[in-house]
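Novice: The structure follows.
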Amino acid sequence: MTRGSGAGGAEGSARVGWVLVVVGMLLAGVAVALVVRDRDAPGTDASTTIQMPPATRDATPTAAPPPATPAPTAAEPAGPVVADPDAPWSADVDPGAYAEGLFVGTNDARAAQGLAALAWSDCAATQAVARAQALVGHDLEHAPLDPVFAACPSSEVAENLSRGAGTARRVVDLWLGSPGHRANLLATDLDELGVGCARDDDVLVCSQVFLGHA
139 MTRGSGAGGA EGSARVGWVL VVVGMLLAGV AVALVVRDRD APGTDASTTI
189 QMPPATRDAT PTAAPPPATP APTAAEPAGP VVADPDAPWS ADVDPGAYAE
239 GLFVGTNDAR AAQGLAALAW SDCAATQAVA RAQALVGHDL EHAPLDPVFA
289 ACPSSEVAEN LSRGAGTARR VVDLWLGSPG HRANLLATDL DELGVGCARD
339 DDVLVCSQVF LGHA
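Residue numbers for the sequence shown follow the working numbering, so the first one is 139 and each next one is one higher.
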């Protein structure tokens with residue numbers, strides 16, 4: 139076995155070391171180039187496991203316009219209101235006439251308590267018709283009252299709902315038997331009322347929309 143001298147071995151080791159350094163630098167350059175290409179690739183982030191949706195921005199106007207009210211297809215009540223809340227129920231009753239009966243029945247109940255009559259509101263009636271139509275085929279639930287405030291200038295808004303078959307007087311009587319509905323019917327800070335009804339198979343769904351002006 140032969141061995142080289144110590145100096146020659148050191149020189150050889152130095153050359154090998156420099157070669158490894160150069161190779162390492164070349165590999166690092168390739169890695170950097172790959173990273174740059176990945177970052178510049180369109181539609182991707184630095185990490186390919188993250189997808190970013192397009193940015194969006196929403197501005198709230200300083201004065202939001204009133205929401206559009208669906209065009210009523212049921213007959214809208216019109217004032218002056220003259221109707222018989224005791225008119226017999228029939229499956230083909232006119233929704234507009236029935237709504238007028240609810241209005242008259244409500245003011246009868248107020249008069250019996252010594253309260254002032256509510257004035258008819260065409261704006262509230264339009265909203266009531268739209269709200270009744272929106273409930274056809276759905277659960278009887280109150281929608282937000284914001285559209286009413288937007289469409290009908292007022293400081294207070296309240297609503298009573300009904301669905302069924304019976305005289306308008308019967309519906310008013312049932313409302314009077316419920317604390318919440320009764321409070322709306324006999325409130326002293328509410329001064330206008332609009333009523334709208336829509337046919338729902340063989341019954342009517344109705345909305346009373348009350349307005350108050352402080």
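Even for Gly, the Cβ is constructed at its ideal location relative to N, Cα and C.
Quick caveat: nothing in here was measured; it's all calculated off a predicted structure.
Please classify SER293 as buried or exposed, where buried requires at least 16 other C-beta atoms within 10 Å of its C-beta.
Specialist: On the sequence shown, residue 293 is found 155 positions in, with the first residue counted as 1. Per the 10 Å Cβ criterion, exposed.
Novice: Beta-carbon of HIS276 versus every beta-carbon of chain B: anything under 9 Å?
Specialist: Here chain B cannot be found, since the structure has a single protein chain.
Novice: With a threshold of 6 Å on Cβ separation, who are the neighbours of LEU283 within its own chain once the five nearest residues in sequence on each side are excluded?
Specialist: The residue labelled residue 283 in the question sits at position 145 within the sequence shown. Cβ within range, chain order: VAL295.
Novice: For ALA263, report the span of its alpha helix (DSSP H) as first-last.
Specialist: Stepping through the sequence shown from its first residue, residue 263 is reached at position 125. 260-273 is the span of the alpha helix (DSSP H), which, as asked, contains ALA263.
Novice: Among the residues of its own chain, which have a CB less than 6 Å from the CB of PRO223, if the five just before and after it don't count?
Specialist: One-based indexing of the sequence shown puts residue 223 at position 85. Only GLY239, VAL242, GLY243, ALA306 and ARG307 meet the Cβ criterion.
Novice: Which residue wins for smallest C-alpha separation from ALA247, given the options ASP311, PRO291 and VAL286?
Specialist: Counting from one through the sequence shown, the residue named residue 247 turns up at place 109. The candidate whose alpha carbon is nearest that of ALA247 is ASP311.
Novice: Does DSSP classify VAL353 as helix, strand or coil?
Specialist: Limits of the chain in this structure are 139 at one end and 352 at the other, which puts residue 353 out of reach.
Novice: Using only alpha-carbon positions, find the residue among GLN251, PRO317, LEU349 and LEU342 that is nearest to HIS276.
Specialist: Counted from its first residue, the sequence shown places residue 276 at position 138. Of the listed residues, the one whose Cα sits closest to HIS276 is LEU342.
Novice: Under DSSP, the beta strand (DSSP E) around ASP246 begins and ends at which residues?
Specialist: Here residue 246 is taken as the residue at index 108 of the sequence shown, counted from 1. Unbroken run through ASP246 is the alpha helix (DSSP H), 233-250; no beta strand (DSSP E).
Novice: On a Cα-Cα basis, can you pick out the residue from ALA336, ALA272, ALA268 and ALA303 that is closest to PRO226?
Specialist: Working through the sequence shown from its first residue, we reach residue 226 at position 88. Per the Cα distances, ALA303.
Novice: Is it buried or exposed, PRO291, if we count other Cβ atoms within 10 angstroms and call 16 or more buried?
Specialist: Position 153 of the sequence shown, counted from the start, is the residue given in the question as residue 291. The residue is exposed, with fewer than 16 neighbouring Cβ atoms inside 10 Å.
Novice: Give me the DSSP bridge partner(s) of ASN298.
Specialist: For the purposes of this step, residue 298 is taken as the residue at position 160 of the sequence shown. DSSP, once it has assigned bridges, lists GLN346 as partnering ASN298.
Novice: Have a look at ALA255, VAL274 and LEU256 and flag the residue whose alpha-carbon is nearest the alpha-carbon of SER300.
Specialist: Along the sequence shown, read from residue 1 onward, the residue named residue 300 stands at position 162. Selected option, being the one with the closest Cα: VAL274.
Novice: With the cut-off set at 9 Å, would you say ALA268 and VAL333 are in Cβ contact?
Specialist: Working through the sequence shown from its first residue, we reach residue 268 at position 130. Working through the sequence shown from its first residue, we reach residue 333 at position 195. Result no, Cβ atoms of ALA268 and VAL333 do not sit closer than 9 Å.
Novice: Determine the closest residue to ALA289 out of PRO317, ASP339, LEU314 and ASP260, with distance taken between C-alpha atoms.
Specialist: Numbered from its first residue, the sequence shown carries residue 289 at position 151. It is ASP260 whose Cα lies nearest to the Cα of ALA289.
Novice: Whole angstroms is fine: what's the gap from ALA221's alpha carbon to LEU324's?
Specialist: Taking the first residue of the sequence shown as 1, we reach residue 221 at position 83. Taking the first residue of the sequence shown as 1, we reach residue 324 at position 186. Distance between the alpha carbons of ALA221 and LEU324 is about 20 Å.
Novice: Identify the continuous beta strand (DSSP E) that holds GLY332 and give its terminal residues.
Specialist: If you number the sequence shown from 1, residue 332 lands on position 194. Per DSSP, GLY332 belongs to the beta strand (DSSP E) from 330-338.
Novice: When DSSP builds the beta bridges, which residues end up paired with VAL341?
Specialist: By 1-based counting over the sequence shown, the position of residue 341 is 203. Its beta-bridge partners are ASP338.
Novice: Could you pull out every residue in the same chain whose Cβ sits closer than 8 Å to the Cβ of ASP327, ignoring the five residues on either side in sequence?
Specialist: The sequence position of residue 327 within the sequence shown is 189, counting from 1. Contacts found: GLU294, GLY350 and ALA352.
Novice: If the criterion is Cβ atoms closer than 9 Å, does the pair VAL309 and LEU331 meet it?
Specialist: As a working note, residue 309 is residue 171 in the sequence shown. As a working note, residue 331 is residue 193 in the sequence shown. Against a cut-off of 9 Å, the Cβ pair of LEU331 and VAL309 comes out as no contact.
Novice: Kindly indicate the opening and closing residues of the alpha helix (DSSP H) around LEU312.
Specialist: Start at 1 with the first residue of the sequence shown, and residue 312 comes out as number 174. Unbroken alpha helix (DSSP H) run through LEU312: 306-314.
Novice: How would you call GLY234, buried or exposed, if buried means at least 16 neighbouring beta carbons within 10 angstroms?
Specialist: Stepping through the sequence shown from its first residue, residue 234 is reached at position 96. Its Cβ being crowded by 16 or more others within 10 Å, GLY234 is buried.
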